[in-house]
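Asks: Mind having a look at this structure? Questions to follow.
In the numbering used here, the protein residues as written are 549 to 1468.
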């Protein structure tokens, strides 16, 4: 059967799902289609022409290479297609973004046919996705006296690719749609259990919210054809959680506009809003797509005659509506006055949503075009020997005399690219920075590879110190979906120059380690900037930003990222941890105490948490920095002491060495280079030449939070509060309750010890608790299933060497097998302990889940509705988050323990401890 016949069969299958033909990315299929186009009597010719024009992916896909070559033949008269004139062929090339299309356009522009060269030049002037090989050709031609090359360069220097674009409309009409009340997790927009379909945009779009919601959006569009539908998180924050790119893609698919008539299902310009604004990572992704994100502030705390906040019986502030955004409300965004209006009534200033830089993103259809455009303008001006005219909004540079630097300000100044030489920059400054480490995870990696293809990138930027493609999100179940997607992803990334968890050649053992643990290990400098395709990219060395797959692609391709320097909140500690407390409890208490200190205001949201826990090694400190995603912080920085940092770097070196010994290093010896850099950094610290990073004493913070360890008396549990009468307060991470709240009788259906929040000591705690119970009762019996997933293989190896793994094996009813991985997800659980393969497991929710309606006690990070556990009729699923000892004891008892039971169970166990620096 021909590939085209297989494609037709697939089309019929997709029709049954209500889907259009899948966009073509393969050269072989498109070559068959081209042959059918050339055969004027072919029965499939008409459809083949349509597929060629409207259904072929651009960029550096192999199909794009074939398409560009055929269009070149049409332009040169070597092939004739009635439906595609040479002029139309140039138009099609103009929508192919880069890679093969740029190569063809340069061939034509620098060729001997003057008329064709001029046409090609006009198209090239609109393109920005040029790389070194492309710009080198232009520069060489210019130096050789080529007039066309000079003409193109002069256009680039004036940034006509941007200035000639249509202006942003002064008024943008929107019609509101309240997608949910309270925080909107991106799981609502792009559910984790549908992660396998993210790269198939039309198919994945079907999972956004609900079919009923999709129908309501379509109805609003029919009623208001001149307005864009604005998705709203009423009384909450829009876009918290993971799956940013796929979430924004789905919103754009349903409410945005098509980026190109020749590229299907790639939409831009979504408009989203939230009462409490937009999650930082989600907002960055909105910028990537040329959209608008608005902080509505349409509810406020009610105050009495004395100016005091009015509270309800639960002690929560009573909110009053400032203005309505009920579904179906027609509003106007005025980009000139930068206000939001209902008719003539001004509602709110939205200038933060329409900064000069964001207006450029909107005009250009996304931030990529601006990033690449600035590079092209600079290149052209330098090549011509002229000064580039000011076209783009100047980067805001804020420098306050006499003010010291926070840790993040120091890192950004150290990594800044293109800022005013010698100028010290403070928070709020717009900065382009060098990226040191990049991480791509496996359920968003296919989108990252698509973004790389779309921006015509073929090799990792040489300035990136190291990059890693994980396999952790698909570690639990090696099913047909994973088998179809993951090998293809690993080959692409490996060829691109990224260290990959799975070897495309099968020569080294698959490493399904949790990505954040690996990134934390390969970060070998606390001055580093890390970009990763997951919201838990929160290293305890350096400053790490979780990002959408597009921003990850941009970092891989250019070695850079652009963002304002964020404000910081300083977190310090006083007092002493109780003997029966675990550091995880300190993490949860930090959130609770902060909210209490600031009367419910989350001062962490959108800012850097600069946490002073320098006495903890990187593994343990990561438990705090990781959770800052749940605190809605933009990122976090751990301030470490010299000796602690040296120990952490030595551990990192040993783990990188293991990766090398497994055969994971590539031809560029990236991993060996990281060890060399770690050695250099250790020597700098030891010699005193460059001590561990610390902020200046006179640095300025948005707020300072002091956490009192003395008042943390009991284990602290993050509760989704699924039955709260105020819907907006469900499924947040802000409800932190002590153990006693549950009265020792709340039933638990399943326990889970795993995810990026745990480290080796957590697994040792499991082993020690089993020993304690065995000693007291003669055996261990579980009244609820306990799922245990070590985050890395290294941890398992170390546990085996130290005798703890044997104890876990003794009481396990299931142990993973690398030789025989599971091919189907578990749907039912017995009251036994499951030793699962290293990876994300239940935390991700894309493969394994608890049984519907279960009450789960977990060490993981997410408590969003439907993530770890879905609802069932009559019973909401709930995922409560706690420390490892609480989870283990809950599974043994089948309920949440009381404080006496807990204290007895952890007696003599080495819990993760922390002492403030002043106590040492």
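C-beta atoms are modelled at their ideal positions from N, C-alpha and C, and glycine is treated no differently.
#1: So what does DSSP say about residue 1304, is it helix, strand or coil?
#2: Below 8 Å on the Cβ atoms is my guess for residue 665 versus residue 696; work out the distance and round it to an integer in Å.
#3: If you check the beta carbons only, do residue 901 and residue 842 fall under 8 Å apart?
#4: Does the separation of the CB atoms of residue 1352 and residue 1312 fall below 8 Å?
#5: Short of 6 Å in beta carbon distance, which residues of its chain neighbour residue 1420, apart from the five on each side in sequence? Order them along the chain.
#6: Whole angstroms is fine: what's the gap from residue 1182's alpha carbon to residue 1305's?
#7: Going by beta carbon distance, what residues of the same chain come within less than 7 Å of residue 941, once the five residues before and after it are set aside?
#8: Please classify residue 1050: is it buried, with 16 or more other beta-carbons within 10 angstroms of its beta-carbon, or exposed?
#9: If you count every other CB in all the chains shown that lies within 10 Å of the CB of residue 1468, and 16 or more means buried, which is it?
#10: State buried or exposed for residue 1278, treating a residue as buried only when at least 16 other CB atoms are found within 10 Å of its CB.
#11: Short check: CB of residue 1474 to CB of residue 729, under 8 Å?
#12: Do residue 823 and residue 845 have their CB atoms nearer than 8 Å?
#13: Distance check for residue 1082 and residue 986, CA to CA, integer angstroms please.
#14: Rounded to whole angstroms, what is the Cα-Cα separation between residue 686 and residue 701?
#15: Can you tell me whether residue 859 is buried or exposed, with buried defined as 16 or more other CB within 10 angstroms of its CB?
#16: Could you check what DSSP says for residue 1433 in three-state terms: helix, strand or coil?
#17: First and last residue of the beta strand (DSSP E) that includes residue 725?
#18: Per DSSP, which one or two residues make a beta bridge with residue 849?
#19: May I have the straight-line CA-CA distance separating residue 688 from residue 786, to the nearest angstrom?
#20: Short check: CB of residue 519 to CB of residue 1025, under 8 Å?
#21: What span of residues does the alpha helix (DSSP H) with residue 560 cover, start to end?
#22: Please classify residue 690: does DSSP put it in a helix, a strand, or coil?
#23: Please state the DSSP three-state secondary structure of residue 613.
#24: From the DSSP output, in three-state form, read off residue 602 for me.
#25: Would a check of beta-carbon distances place residue 1075 closer than 8 Å to chain B?
#26: If you follow the alpha helix (DSSP H) that residue 1207 is in, where does it begin and where does it stop?
#27: Residue 1195 to residue 1201, Cα distance in whole Å?
#28: Answer yes or no: do residue 1061 and residue 1386 have a C-beta to C-beta separation smaller than 8 Å?
#29: Can you tell which of 1292, 1264, 1155 has the C-alpha that lies nearest to the C-alpha of residue 1128?
#30: Give, in chain order, every unbroken run of the beta strand (DSSP E) that is at least 3 residues long and sits entirely within the segment 928 to 959.
#31: I think residue 1255 touches residue 1170, with their Cβ atoms under 8 Å apart; what is that distance to the nearest whole Å?
#32: Taking the alpha-carbon of residue 1446 as reference, which of 618, 1461, 1292 has the nearest alpha-carbon?
#33: Quick check on the DSSP output: what are the complete beta strand (DSSP E) runs of length 3 or more inside the segment 1311 to 1369, in order along the chain?
#34: Going by beta carbon distance, what residues of the same chain come within less than 6 Å of residue 1320, once the five residues before and after it are set aside?
#35: Report yes if the C-beta distance between residue 939 and residue 711 is below 8 Å; otherwise report no.
#36: Of all the options 1332, 1417, 1336, which has the alpha carbon lying nearest to the alpha carbon of residue 1378?
Replies: On the basis of the coordinates in this document:
#1: Three-state result, residue 1304: coil.
#2: Between residue 665 and residue 696 a beta carbon distance of about 5 Å is seen, short of the 8 Å cut, so the two are scored as contacting.
#3: Yes, the pair counts as a contact, with Cβ atoms nearer than the cut-off.
#4: The answer is yes: Cβ separation under 8 Å.
#5: Leaving aside the five residues that flank residue 1420 on each side, the residues in its chain whose CB is nearer than 6 Å to its CB run, in chain order, 1400, 1401.
#6: Distance between the alpha carbons of residue 1182 and residue 1305 is about 18 Å.
#7: Result list for residue 941: 904, 905, 908, in chain order.
#8: It counts as buried.
#9: With a pLDDT of 40 at residue 1468, under the threshold of 50, the modelled position of that residue is not reliable, and no figure is offered here.
#10: Counting Cβ neighbours within 10 Å, residue 1278 comes out buried, since at least 16 surround it.
#11: Since the first and last residues shown for the chain are 549 and 1468, residue 1474 lies out of range.
#12: Yes.
#13: Computed Cα separation, rounded: 11 Å.
#14: Distance between the alpha carbons of residue 686 and residue 701 is about 8 Å.
#15: Residue 859 should be labelled exposed.
#16: In this structure, residue 1433 counts as helix in the three-state DSSP scheme.
#17: Segment 719 to 729, the beta strand (DSSP E) holding residue 725.
#18: DSSP lists 867 as the bridge partner or partners of residue 849.
#19: Spanning the two alpha carbons is a distance of roughly 49 Å.
#20: Examination of residue 519 is not possible in this model, given that the chain is present from 549 through 1468 alone.
#21: Residues 551 to 564.
#22: Note: residue 690 maps to helix in three-state DSSP.
#23: In this structure, residue 613 counts as helix in the three-state DSSP scheme.
#24: Correct three-state label for residue 602: helix.
#25: Any reference to chain B falls outside this structure, which holds one protein chain only.
#26: It spans 1190 to 1210 - the alpha helix (DSSP H) in which residue 1207 sits, taken as one unbroken run.
#27: A straight line joining the alpha-carbon of residue 1195 with that of residue 1201 spans about 10 Å.
#28: Yes, the Cβ-Cβ distance between residue 1061 and residue 1386 is below 8 Å.
#29: Restricting attention to 1292, 1264, 1155, the CA atom closest to the CA of residue 1128 is found in 1264.
#30: Taking 3 residues as the minimum length, the segment 928 to 959 contains no beta strand (DSSP E) run wholly inside it.
#31: With a Cβ gap of about 18 Å, residue 1255 and residue 1170 do not count as contacting.
#32: The residue with the shortest Cα to Cα distance from residue 1446 is 1292.
#33: Correct list: 1334 to 1337, 1360 to 1363.
#34: For residue 1320, where only same-chain residues beyond five positions count, there are no Cβ hits under 6 Å.
#35: It is a contact, given that the beta carbons lie within the stated cut-off.
#36: Distance from the Cα of residue 1378 is smallest, within the candidate group 1332, 1417, 1336, for 1332.
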